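Some notes on the structure that comes next.
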Amino acid sequence: VHVSLIKDDSEFLACNLPLDCIDSETAPYLLVWLFEWCEIHESHWNNSAFSGKFQAFDRARMGVYELSCSLQKTDLSEGLYKLELELGFTREESG
4 VHVSLIKDDS
14 EFLACNLPLD
24 CIDSETAPYL
34 LVWLFEWCEI
44 HESHWNNSAF
54 SGKFQAFDRA
64 RMGVYELSCS
74 LQKTDLSEGL
84 YKLELELGFT
94 REESG
């Protein structure tokens, strides 16, 4: 798993996570929750690319958070895929 943190189109951190941090059995469960929250219908999950987003309101800090995600799937060979997940995060003050 390779992680890149980007702010304003500038990468400020890039690293490879340990090989045992996530595996092919765990990843689908983590991704499905994200897709559900973003209201991406399951009929799109096998597409080569899709995206979605959701909002949450923070009553304590009076802010609105928005999380967006996009997934790009590339077929490497014989059922082996490279998945690229891009997450976006914004926070806006309300009122």
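The opening residue of the sequence shown carries number 4 in the numbering used here; numbering runs sequentially from there.
Each residue gets a CB set at the ideal place from its N, CA and C atoms; glycine is no exception.
Note that the structure is predicted; figures quoted are calculated from it, not measured.
8 Å Cβ cutoff met for residue i and residue j
i, j, result
"Phe15", "Cys41", "no"
"Tyr68", "Lys76", "no"
"Leu37", "Cys72", "yes"
Top-ranked residue by Cα proximity to residue i, from the options
i, options, result
"Asp23", "Leu70, His5 and Glu87", "His5"
"Leu74", "Gly82, Tyr68, Trp48 and Ser13", "Trp48"
"Arg64", "Ser46, Cys72, Glu96 and Glu89", "Glu96"
"Thr93", "Phe60, Leu86 and Asp78", "Phe60"
"Leu20", "Asp12, Ser13 and Leu8", "Leu8"
With 16 other Cβ atoms within 10 Å as the buried cut-off, status of residue i
i, result
"Cys18", "exposed"
"Ile43", "buried"
Residue-chain proximity (residue i, chain C), Cβ-Cβ < 8 Å
i, result
"Ile43", "Within the model displayed, chain C is absent; a lone protein chain is all it includes."
Separation of residue j from residue i, as counted between CA atoms
i, j, result
"Asp142", "Glu81", "Since the first residue shown for the chain is 4 and the last is 98, residue 142 is missing from the structure and cannot be characterised."
"Leu46", "Gly91", "For clarity, residue 46 is Ser in the given sequence; the question names Leu instead. Cα to Cα, the separation comes out at about 23 Å."
"Gly55", "Asp78", "22 Å"
"Phe53", "Glu39", "13 Å"
"Asp12", "Arg62", "30 Å"
"Ala30", "Leu88", "11 Å"
"Leu70", "Leu86", "19 Å"
"Ser51", "Lys10", "25 Å"
"Val35", "Gly66", "26 Å"
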